[in-house]
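Numbering (our numbering), first residue to last: 678 to 829. Note that beta-carbon positions come from the ideal geometry of N, C-alpha and C, so glycine has one too. Contents: one structure, followed by commentary.
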Ligand SMILES: CC(C)(COP(=O)(O)OP(=O)(O)OC[C@H]1O[C@@H](n2cnc3c(N)ncnc32)[C@H](O)[C@@H]1OP(=O)(O)O)[C@@H](O)C(=O)NCCC(=O)NCCS
């Protein structure tokens, strides 16, 4: 399994597959191909995907600015889970952040125990709860943060 960075020149078909995977994994909140394209085209955007034999198994998407970064999406195809793909995507995402980045933030549904375990394993801590942040179904969001300078 290799990790690739989607960029302006990446074929549209890849962005279509990223959108399909995101929607398969998170439902209505999943991004459109156009949203992935615009994030990948931004200088401060990072869109990575894990693929083998041209099949996309996982993705991570986020952005950075000043001294902080945000992870906006992580998704791994159901049949490829528990193989360390999300772990690897998070590591690669962090390695691409500018060295002035001090913290990374993300939001996760309160009931999403798999994702919460993934983020905790990768050094994220809960910092607050945003009540009724999500719709369909309505649910609280847990806000998590990782301080990069803590671990050196
Ligand atoms: C959450 C998700 C991205 C994890 O992807 P993954 O590739 O299976 O994760 P990894 O194999 O890299 O697992 C890394 C760690 O995360 C935790 N984890 C992952 N899935 C888990 C599960 N189902 N239950 C408990 N812990 C889990 C474990 O700590 C695991 O480490 P371990 O295997 O050494 O125990 C995947 O389940 C997914 O796509 N879910 C649907 C989309 C989603 O919820 N995205 C996050 C939105 S905020």
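When DSSP labels each residue in this structure, what does residue i get in the three-state scheme?
| i | result |
| --- | --- |
| residue 882 | In this structure the chain extends from 678 to 829, so residue 882 is not present and cannot be described. |
| residue 777 | coil |
| residue 823 | strand |
| residue 679 | strand |
Who pairs with residue i in a beta bridge, going by DSSP?
| i | result |
| --- | --- |
| residue 818 | 786, 807 |
| residue 693 | For residue 693, which the question treats as bridged, DSSP gives no partner whatsoever. |
| residue 802 | 822 |
Taking the beta carbon of residue i as the centre, do at least 16 other beta carbons fall within 10 Å, making it buried, or is it exposed?
| i | result |
| --- | --- |
| residue 767 | buried |
| residue 739 | buried |
| residue 783 | buried |
| residue 699 | buried |
| residue 773 | exposed |
Whole-angstrom Cβ separation of residue i and residue j, contact assumed at under 8 angstroms?
| i | j | result |
| --- | --- | --- |
| residue 735 | residue 754 | 7 angstroms |
Problem set entry | beta strand (DSSP E) runs wholly inside the region 705–752, at least 3 long, in chain order | Secondary structure in the region 705–752: the beta strand (DSSP E) runs of 3 residues or longer, each lying completely within the stretch, are 722–729, 732–742 in chain order.
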